[in-house]
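Participant: Quick one: the structure is below, questions incoming.
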Amino acid sequence: MQGDRRCRVTVGNERRLAGGISRGRRVGLVVDGDAVTAFEGESVAAALLAAGRRGLRATPRRGDRRGMYCGIGLCFECVTVVDGQSGVRACLTPVREGMRIGTGQDGRGYPDADADAGVDADADAGADVDAGAGRGGAR
Amino acid sequence: MSRPAVWPLVVVGGGPAGVAAATEAARAGLRCLLLDEAPALGGQIYRQPPREFTVRDPRKLGRDYLRGRRLLGELSEAADRVEVRSGTSVLDIVDGPELVCASSGGGTSSVPAERVILATGAYDRPVPFPGWTLPGVLTAGGAQALVKTMRVQPGDRALVAGTGPLLMVVANQLHHAGVHVMAVLEAGRSAFTAGTARRAWRQWGLLGDGGRYRLGLRMAGIPVLYNHAVFEAHGDGELRSVTYGPVGAADWQPVRAQRHRVDVDLLVTGYGFVPSTELCVLAGCRTEYVDHLGGWVPVRDDTMQTTVAGIFAAGDGAGVAGSVAAVEEGRIAGITAAEQAGAISAAEAQRRRRVPLRRLRSLAGVRAALDEISRPRPGLCQLATDTTIMCRCEEVTCGEVREAVAEGARDLQAVKLLTRLGMGACQGRNCTPSTAALLAAETGHPAQQAGRINPRPPVRPVTLGTLAAGQEEAR
């Protein structure tokens, strides 16, 4: 293998490929309390990847970091807390101006809607529960 | 366009098979409804950039983009007879048939249909190995979605590993996206042998694609290592490096003594595809286990009809054969649905089916050759160690599955009851193919004896709020 090539370090927008397309309007997100810039049309997963954030949740049992895996909405590895609602697939969800995203950086997994430190305490009062997820409440 | 109370035809899935099916049915004069989950048609392979992006230079988006535009162009010529509902998931099929749908706008709806064509597609076959859950390990489809649709570079230094022609395609796409692709690891042997070339005779399109991608890698200086696989991914919270090495040519057993380690921040794995058959099963279609089609597939006749009257299945969701075959299967299903609805005569239907049937037959040879190279071998099960996660949702390890087998579990249902494997949000899509292979390796029985975990509606997760909104609507 050729290990002699220079490893390019990319930060921020350098992960976004130039040419071929022009992106939608610039929008601001709040990710784990930090301001992150994204573009309309991007998925939450793509926007966070472009911002250098690949870990999207912590697992409930071991607290392991997980990120986008299948990219087509089937594997549920990329579920984040969006605007207080847990279990939101980052790979399918388009970004919106002012969206607040929690990636379980405090070590808590996606069943806890309040894992997003940036969300007001009352914002998740109406958080919906996944039907069909088959996850029991007790563990 | 007024909506019929009962649709003569509903097509589920807006990929190559679904779009071709709707196009042919509409051409034959049949009114049809095309349901698709994504914001825009195209399926995974022809997925288009989001509406908010403006395409300035289509050539930069690659050949799949242009092919997708061509297929969708065909559909738009028949647009007056096709209603497209994007952003709509089908949750269930009940007797009738009647489809229960959820739309991104919220709420559920019920769509009665005289006929249904299921073109639900396939997903990357998950193959567990230590570290495969680290952020930075992506499926081939996931990496493609980021590059082709989102136009984001998924990493700086990458390994591409697995089996099948898609690896070369993805490696090329990553290279053009500025990723330094260290190598492509193909667990099987080279497809560029005299045997494959002979069987691919006259398949100029496929031969051209294969040659172009292989040449692209050569020009980029990306080595392709045959009979090699990834053994382990390393990193603390994120992927940092990968251990890889040779595998046995016959059984793909890892040869750990000859392992190497390389620093990468992106690992793309593609071990072929598994058909999405949940809706087929819920509709009551009989399924069978066919190794080279990706596992459990609906039983069909040569006009793509399943064992349930009025339910058709086409494309990779009915047996993985690639997008070229999917289009032809979709056409055949669409023509036959139109014939059954009385839109065209039996003789006319037969005439229209002739070309797609011939194309399907001529693809069979090269498919068989490629399938044989990429058939998952038992050695892949040896990659997982006792601490490797098998079920990503419920965090069930390979060791826990082996314990369940030691306690007497012989099929997936028993493993599920003992370990919670397959009970998470993905409904077992991620863990059942590899756990079935592990059961086969541990018990010595064929993989089909592991059975399957029965899909239950809703086959896509939906919030209680959405379900409640739907009920309100119905009241």
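So the sequence lines, in the order shown, correspond to chains A and B. Take 0 as the starting number for the first sequence in numbering that gives the first Met the number 0 and just add one per residue. Take 0 as the starting number for the second sequence in numbering that gives the first Met the number 0 and just add one per residue. Note that beta-carbon positions come from the ideal geometry of N, C-alpha and C, so glycine has one too.
1) Could you work out which residue in B/V110, B/R451, B/L137 and B/V246 is closest to B/D123 when comparing CA atoms only?
2) B/L382 and B/F128 look like a contact to me (Cβ under 8 Å); what is the Cβ gap, rounded to whole Å?
3) If you scan the region 232-291 of chain B from start to end, which runs of the beta strand (DSSP E) of 3 or more residues do you find wholly inside it?
4) Please confirm whether B/T475 and B/C100 have their CB atoms less than 8 Å apart.
5) Would you report the Cα separation of A/D127 and B/G105, rounded to the nearest angstrom?
6) May I ask you to list, following chain order, the residues of the region 17-28 of chain A that have a beta carbon less than 8 Å from some beta carbon of chain B?
7) Name the chain A residues that come within less than 8 Å of B/V54, Cβ to Cβ?
8) Report the option in B/M181, B/A424 and B/P457 whose CA atom is closest to the CA atom of A/S85.
9) For B/S275, count neighbouring C-beta atoms within 10 Å of its own C-beta (all shown protein chains included) and say buried if the count is 16 or more, exposed if not.
10) Can you name the residues of chain A whose CB is closer than 7 Å to the CB of B/K59?
11) Suppose the cutoff is 7 Å on Cβ atoms and the five residues either side in sequence are ignored; what does the same chain contact list for B/V273 look like?
12) Would you say A/M67 faces chain B, with C-beta separation under 8 Å as the test?
13) Looking at chain A, is there any beta carbon in it that lies within less than 8 Å of the beta carbon of B/V151?
14) Within the continuous beta strand (DSSP E) that includes A/D33, where are the two ends?
15) Drop a sphere of 10 angstroms on the beta-carbon of B/V18, count the other beta-carbons inside from all chains shown, and report buried for 16 or more, exposed for fewer.
16) For chain B, find out if any of its Cβ atoms is closer than 8 Å to the Cβ of A/G70; answer yes or no.
17) I believe B/R114 touches B/L8 by the beta-carbon criterion, under 8 Å. Please report the beta-carbon distance rounded to the nearest angstrom.
18) I'd like to know if the region 21-28 of chain B and the region 336-349 of chain B are in contact, where contact means that at least 3 CB-CB pairs between them fall below 8 Å.
19) With 8 Å set as the bound, which would you pick, yes or no: does the beta-carbon of B/G135 sit closer than that to a beta-carbon of chain A?
20) For B/E402 and chain A, any beta-carbon pair shorter than 8 Å?
21) What residue range is occupied by the uninterrupted alpha helix (DSSP H) comprising A/L28?
22) Please determine, among A/R24, A/R65 and A/R25, the residue with the shortest C-alpha to C-alpha distance to A/A44.
23) With C-beta atoms as the reference, is B/G177 less than 8 Å away from B/D264?
24) If you follow the alpha helix (DSSP H) that B/T418 is in, where does it begin and where does it stop?
25) Would DSSP call A/Y68 helix, strand or coil?
26) If you check the beta carbons only, do B/I116 and B/V280 fall under 8 Å apart?
27) Grouping DSSP H, G and I as helix and E and B as strand, with all else coil, what is B/I44?
28) Taking 8 Å as the limit between beta carbons, can you name the residues of its chain near A/A137, skipping five residues before and five after?
29) Starting from A/D63, find everything on chain B with Cβ-Cβ shorter than 7 Å and list it in chain order.
30) Kindly list the residues whose CB is nearer than 6 Å to the CB of B/G234, restricted to its own chain and excluding five residues on each side of it in sequence; keep chain order.
31) By Cβ distance, which residues of its chain are closer than 6 Å to A/A89, with the 5 residues on each side in sequence left out?
32) Using alpha carbons as the reference points, say which of B/A436, B/G407 and B/R459 lies closest to B/Q426.
33) Rounded to the nearest angstrom, how far is the Cβ of B/G140 from that of A/G70, given a contact under 8 Å?
34) I'd like to know if B/C425 contacts chain A, where contact means its C-beta is closer than 8 Å to some C-beta of that chain.
35) Pick from A/F38, A/G72 and A/P59: whose alpha carbon is nearest that of B/R50?
36) How would you call B/E406, buried or exposed, if buried means at least 16 neighbouring beta carbons within 10 angstroms?
Facilitator: The structure says:
1) On the second sequence, residue 123 of chain B is found 124 positions in, with the first residue counted as 1. Ranking B/V110, B/R451, B/L137 and B/V246 by Cα distance to B/D123 puts B/L137 first.
2) Within the second sequence, residue 382 of chain B is the residue found at index 383, counting from 1. Within the second sequence, residue 128 of chain B is the residue found at index 129, counting from 1. Confirmed, Cβ separation roughly 4 Å.
3) Annotation: the region 232-291 of chain B contains the following complete segments of the beta strand (DSSP E) (minimum length 3 residues), in chain order: 240-245, 259-262, 265-270, 272-274 and 286-289.
4) Residue coverage of chain B in this structure runs from 0 to 474, which leaves residue 475 of chain B outside it and unanswerable.
5) Within the first sequence, residue 127 of chain A is the residue found at index 128, counting from 1. Within the second sequence, residue 105 of chain B is the residue found at index 106, counting from 1. A caution first: A/D127 carries a pLDDT of 38, below 50, which makes its placement in the model too unreliable to give a value.
6) Hits within the stretch, in order: G18, G19, I20, S21, R22, G23 and R24.
7) Looking up residue 54 of chain B in the second sequence gives position 55. Here the neighbours are G19 and I20.
8) Taking the first residue of the first sequence as 1, we reach residue 85 of chain A at position 86. Of the candidates B/M181, B/A424 and B/P457, the one whose C-alpha sits nearest the C-alpha of A/S85 is B/A424.
9) As a first step, residue 275 of chain B must be located in the second sequence, where it is residue number 276. Taking a 10 Å sphere around the C-beta of B/S275, we find 16 or more other C-beta atoms and assign the residue as buried.
10) Walking along the second sequence from the start, residue 59 of chain B turns up at place 60. Going along chain A in sequence order, the residues near B/K59 (Cβ under 7 Å) are G18 and G19.
11) Taking the second sequence and counting its residues from 1, one reaches residue 273 of chain B at position 274. A121, Y122, R124, G293, G294 and P432.
12) Taking the first residue of the first sequence as position 1, residue 67 of chain A is located at position 68. Chain B contact via Cβ: present.
13) As a position in the second sequence, residue 151 of chain B is number 152, starting the count at 1. For B/V151, the answer is yes, since a Cβ of chain A falls inside 8 Å of its Cβ.
14) Translated into the one-based positions of the first sequence, residue 33 of chain A becomes position 34. D33 to F38 is the extent of the beta strand (DSSP E) around A/D33.
15) Here residue 18 of chain B is taken as the residue at index 19 of the second sequence, counted from 1. It counts as buried.
16) Indexing the first sequence from 1 puts residue 70 of chain A at position 71. A/G70 counts as touching chain B.
17) Locating residue 114 of chain B in the second sequence gives position 115, counting from the first residue. Locating residue 8 of chain B in the second sequence gives position 9, counting from the first residue. Contact holds; Cβ gap of about 5 Å.
18) A contact is defined here as three or more CB-CB pairs under 8 Å, and the region 21-28 of chain B meets this definition with respect to the region 336-349 of chain B.
19) For the purposes of this step, residue 135 of chain B is taken as the residue at position 136 of the second sequence. B/G135 belongs to the set of residues whose beta carbon lies under 8 Å from a beta carbon in chain A.
20) What you label residue 402 of chain B is simply residue 403 of the second sequence in a count that begins at 1. By this cut-off, B/E402 is not an interface position.
21) Here residue 28 of chain A is taken as the residue at index 29 of the first sequence, counted from 1. Note, A/L28: premise wrong, no alpha helix (DSSP H); beta strand (DSSP E) at R25 to V30.
22) Indexing the first sequence from 1 puts residue 44 of chain A at position 45. Distances from the alpha-carbon of A/A44 to those of A/R24, A/R65 and A/R25 put A/R65 closest.
23) Translated into the one-based positions of the second sequence, residue 177 of chain B becomes position 178. Translated into the one-based positions of the second sequence, residue 264 of chain B becomes position 265. It is not a contact, given that the beta carbons lie outside the stated cut-off.
24) In the second sequence, counting from the first residue as 1, residue 418 of chain B sits at position 419. It spans L411 to T418 - the alpha helix (DSSP H) in which B/T418 sits, taken as one unbroken run.
25) As a first step, residue 68 of chain A is located in the first sequence; it is residue number 69 there, counting from the start. Note: A/Y68 maps to coil in three-state DSSP.
26) Translated into positions along the second sequence, residue 116 of chain B becomes position 117. Translated into positions along the second sequence, residue 280 of chain B becomes position 281. No, Cβ-Cβ distance for B/I116 and B/V280 is not below 8 Å.
27) Here residue 44 of chain B refers to the residue found at position 45 of the second sequence. B/I44: coil per DSSP, three-state reduction.
28) In the first sequence, counting from the first residue as 1, residue 137 of chain A sits at position 138. A caution first: A/A137 carries a pLDDT of 35, below 50, which makes its placement in the model unreliable, though a value can still be read off. Listed in chain order, the non-local C-beta contacts of A/A137 below 8 Å within the same chain number zero, local neighbours out to five positions each way being set aside.
29) For the purposes of this step, residue 63 of chain A is identified with residue 64 of the first sequence, where counting begins at 1. Contacts between A/D63 and chain B, judged by CB atoms closer than 7 Å, involve T132 in chain order.
30) For the purposes of this step, residue 234 of chain B is taken as the residue at position 235 of the second sequence. Cβ neighbours of B/G234 beyond the five flanking positions: L133.
31) Numbered from its first residue, the first sequence carries residue 89 of chain A at position 90. Once the five neighbours on either side are set aside, the close Cβ partners of A/A89 are V43, A44, L55, C77 and T79.
32) Counting from one through the second sequence, the residue named residue 426 of chain B turns up at place 427. Ranked by how close their Cα comes to the Cα of B/Q426, the residues B/A436, B/G407 and B/R459 have B/R459 in first place.
33) As a first step, residue 140 of chain B is located in the second sequence; it is residue number 141 there, counting from the start. As a first step, residue 70 of chain A is located in the first sequence; it is residue number 71 there, counting from the start. Indeed, because the Cβ distance is near 6 Å, the residues count as touching under 8 Å.
34) What you label residue 425 of chain B is simply residue 426 of the second sequence in a count that begins at 1. Chain A has a Cβ within less than 8 Å of the Cβ of B/C425.
35) Translated into positions along the second sequence, residue 50 of chain B becomes position 51. Checking every option, the nearest Cα to that of B/R50 belongs to A/F38.
36) Residue mapping note: residue 406 of chain B aligns to position 407 of the second sequence, counting from 1. By the 16-neighbour rule on beta-carbons within 10 angstroms, B/E406 is exposed.
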